[in-house]
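Working notes for the structure below.
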Amino acid sequence: MVILKSQSQIEKMAKAGKILAACHKELAKRIAPGVTTLEIDRFVEGYLAKNECTAEQKGYNGYPFATCASVNDVICHGFPSRASLKNGDLVTIDMVVNHKGWLADSAWTYEVGTVAPEVHLLISVTKEALYIGIENAVIGNRLGDIGFAIQSHAEAQGFSVVRDYTGHGIGQKMHESPTVLHYGEPGKGLRLKEGMVITIEPMINVGTYKAKTDADGWTVRTVDGSLSAQFEHTVAITSEGPMILTEQ
């Protein structure tokens, strides 16, 4: 069942989103060659605590960290580690922020130092795909319109769209209905209504869209070792168009 949110509830989620967005801005200043993703994770947990927030995914089904840190061929759910980031890497930091019981979810892919042109292109196209998807998150459209727009943009650039991991509804729980695919057919799927709040979070690969999971049960990689990038926002469907709750 899709849980529609009132304007006041959306405003509460927007407070969580504003803190999350500010945290990502701080990360952009800190991510560099030599930094470890475990250091990033500890910074995020401290930053959230200072802003009366908690990391919602820590403890979720036993997940032990405040962030997911996915480097290079890791699509999502990567564990923060003591390994130093290297010049030319890309890293996706994904976090879900809980502010007084209301949640916001956002992921950003960062360039580490100076990256190759093809890495920069992957990151740029993935970010573009997110915003193209958001443009289609309007009352009366269907979820398939969002997925089709994202898929069309990514594949036109020669990239693939991950199928196994999706966006979702969000509110006081991290994962609510509906499931938001990042591929699909226009005019298909659930119709968007005012008050829906969803995450749109395309994961785009250089090679095949197929994924595999490491022995830790969490870390998801591309099966061919190709690079993957992700951008995500929490978006409210409103009468005035899509409202991005995780952007300053």
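Read left to right, the sequence shown gives residues 1 to 248 (the UniProt record's numbering).
Built from N, CA and C at the ideal position, the CB exists for glycine as well.
Given the structure is predicted, the values throughout are model-derived calculations rather than measurements.
Would you mind sorting residue i into buried or exposed? The rule is 16 or more other CB atoms within 10 Å of its CB.
i: asparagine 98; result: buried
i: glycine 140; result: exposed
i: aspartate 214; result: exposed
i: threonine 208; result: exposed
i: serine 160; result: buried
i: threonine 114; result: exposed
i: asparagine 136; result: buried
i: asparagine 87; result: exposed
Quick one: grab the DSSP three-state call for residue i.
i: alanine 66; result: coil
i: methionine 13; result: helix
i: histidine 61; result: Looking at the sequence shown, residue 61 is not histidine but asparagine. Three-state DSSP puts asparagine 61 in a helix.
i: histidine 24; result: helix
i: glutamine 157; result: coil
i: proline 178; result: strand
i: glutamine 230; result: strand
i: glycine 169; result: strand
i: aspartate 94; result: strand
i: lysine 50; result: helix
When the distance is taken between beta carbons, is residue j closer than 7 Å to residue i?
i: aspartate 41; j: phenylalanine 65; result: yes
i: cysteine 76; j: serine 70; result: yes
i: glycine 167; j: isoleucine 134; result: no
i: lysine 210; j: valine 223; result: yes
i: leucine 245; j: methionine 13; result: yes
i: isoleucine 198; j: valine 235; result: yes
i: threonine 126; j: isoleucine 204; result: yes
i: tyrosine 47; j: cysteine 68; result: no
Please identify the residue among the options whose C-alpha is closest to the C-alpha of residue i.
i: tyrosine 183; options: Ala32, Ala129, Val220; result: Ala129
i: valine 180; options: Ala156, Asp145, Gly158, Glu118; result: Asp145
i: lysine 212; options: Leu143, Val74, Pro186; result: Val74
i: glycine 147; options: Glu26, Thr67, Pro186, Leu38; result: Pro186
i: isoleucine 19; options: Leu103, Pro178, Ser8; result: Leu103
i: alanine 16; options: Ala55, Thr238, Asp164; result: Ala55
- Taking one C-beta from the stretch 188–195 and one from the stretch 149–157 each time, how about it: are there three or more such pairs within less than 8 Å? With the cut-off at 8 Å, the stretch 188–195 and the stretch 149–157 do not touch.
- Task: Could you say if the stretch 163–179 and the stretch 115–132 meet the contact criterion of at least three C-beta pairs nearer than 8 Å?
- Result: No, because fewer than three Cβ pairs between the stretch 163–179 and the stretch 115–132 fall closer than 8 Å, the two stretches do not touch.
- Query: Do the stretch 95–109 and the stretch 217–231 make contact, defined as three or more Cβ pairs closer than 8 Å?
  - Reply: Result yes; three or more Cβ-Cβ pairs closer than 8 Å.
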